[in-house]
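Taking mature numbering (1 follows the signal peptide of the UniProt record, and there is no 0), I'd label the letters of the sequence shown as residues -21 to -1, 1 to 257. For glycine and all other residues, C-beta sits at the position ideal for the given N, C-alpha and C.
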Amino acid sequence: MKNIFKYLGVALAILMVSCEADPLIYNGNSNPLISFSSPTYNLEIVIDATGTLEVPVNSSSLSSTDRTIGVEVVADGTTALAGSYSVPATVTIPANEYNGILTIDGTDIAGVDTSALNLIISLTPGSGFTTGPDANVNVYQVCPVDETFFTGDYQMTHLVFNGFGVPTFGFAKQVTLSNPGGTSRTFVAPYAPDLGAFSDVTWSFGLSCNEVVWGPTQDTGVGCAATPANIELSTADAAFGNGAYDPLNDASFTMNLVDDDADDCGARTNVSILMTKI
């Protein structure tokens, strides 16, 4: 009997050593996925100054050692000006953590303005893990805004309806604006409630040097039978212009955007909305 316990103890010791030698704790995934936390981000560059963006990079499993993943700027699709951004060549996910932070710095140089330019970033696949899709960083100029301004309850008055002949967010819609950080603002509302009972979506726009800039390609979650793609709301056309705000008075402002940006339902229209604080 003593020998049985002795052999059992040796077997357990070998098992423990074997487990300790394995640097990965897979949690059921033999090929971990490393990916950006979101498909889009905003790099806000303060006028005549700089800006910083922290991009979370997630792993589907843990590792007992640090993991370093390569980061690349994808030339195809990147329109942001060279010198206006600095992207590190690598990002590290610390040992025993699911997340790492990629810090991207921005600099206000000639040519950077309130119109967002695209910076496409990619994670480089490596041995023992796969990587998720690329991410788009919107790079644009901002002016400081009081963090409490343009928050709270607002009444929407649609000055220009969408291509379906209805207000994008509904007649006499009331929404609550929130500040997720910096000069960005968000609100929750369904798309075109006058056309059907659709799910709530969190929408975002930026306060950029007296202009209200709607974030590009925001998915409504609503599609048409003619195409598998969903309708998207995007930044207003240059000829139509962005909305406007007064940095010293948040009683009202205008918000311009494109409804059905990709013309998925044949109704691409520039829309204008007056926002009045309640």
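Contact set for residue i: own chain, Cβ-Cβ below 7 Å, skip 5 residues either direction
| i | result |
| --- | --- |
| L253 | T136, L138, S231, T233 |
| V124 | T162, L186, P226 |
For residue i, the three-state DSSP class (helix, strand or coil)
| i | result |
| --- | --- |
| C122 | coil |
| K152 | coil |
| V53 | coil |
| S157 | strand |
| E76 | coil |
| G185 | strand |
| residue 271 | In the structure as shown, the chain begins at -21 and stops at 257. Residue 271 is therefore absent and cannot be evaluated. |
| N221 | coil |
| S42 | strand |
| D242 | coil |
| G30 | strand |
| T196 | coil |
| G131 | strand |
| N209 | strand |
| V91 | coil |
| N10 | coil |
| P35 | strand |
| L96 | strand |
| V191 | strand |
Close beta carbons around residue i, own chain, < 6 Å, minus the five adjacent residues each side
| i | result |
| --- | --- |
| P195 | S213, T214 |
| G79 | V36, V70, T71, I72 |
| F143 | A246 |
| T248 | N141, G142, D238 |
| L236 | W193, L212, A215, V250 |
| G202 | N209 |
| G90 | L60 |
| R46 | I72 |
Cβ neighbours of residue i in the same chain (closer than 8 Å, five flanking residues each side left out)
| i | result |
| --- | --- |
| T29 | D84, G85, T86, D87 |
| R164 | F129, T130, L156, S157, N158, S183, F184, G185, L186 |
| E190 | T93, N221, G222, A223, Y224 |
| T103 | I48, G49, V50, E51, T110 |
| I26 | D87, Q120, V121, C122, C188 |
| D55 | I99 |
| V180 | V167, A168, P169, Y170, Q197, D198, T199, G200 |
Beta-bridge partners of residue i, as assigned by DSSP
| i | result |
| --- | --- |
| S65 | D84 |
| A168 | V180 |
| N21 | N117 |
| S251 | V139, N235 |
| T214 | L236 |
| S101 | E51 |
| T109 | L12 |
| T71 | T47 |
For residue j and residue i, believed in contact at Cβ under 8 Å, the rounded distance
| i | j | result |
| --- | --- | --- |
| A114 | Y20 | 6 Å |
| A168 | F150 | Between F150 and A168 the Cβ distance is about 12 Å, and since that is not below 8 Å, they are no contact. |
| Y170 | T199 | 4 Å |
| Y119 | E211 | So it is not a contact: roughly 19 Å between Cβ atoms. |
| T162 | T82 | About 19 Å separates the two Cβ atoms, so there is no contact after all. |
| P226 | C122 | 7 Å |
| T58 | Q134 | The pair is not a contact, with the Cβ atoms about 36 Å apart (cut-off 8 Å). |
Should the stretch 176 to 184 be called in touch with the stretch 102 to 113, which here means at least 3 C-beta pairs below 8 Å?
Counting C-beta pairs closer than 8 Å gives fewer than three between the stretch 176 to 184 and the stretch 102 to 113, which falls short of the contact rule.
Report yes or no: do three or more beta-carbon pairs, one from the stretch 59 to 71 and one from the stretch 94 to 104, lie closer than 8 Å?
Cβ pair count under 8 Å is three or more, so yes.
At least three beta-carbon pairs within less than 8 Å, the stretch 113 to 130 to the stretch 154 to 173:
These segments touch.
Is the stretch 114 to 125 touching the stretch 233 to 245, taking contact as three or more C-beta pairs under 8 Å?
Note that the stretch 114 to 125 does not touch the stretch 233 to 245; fewer than 3 beta-carbon pairs, one per stretch, sit closer than 8 Å.
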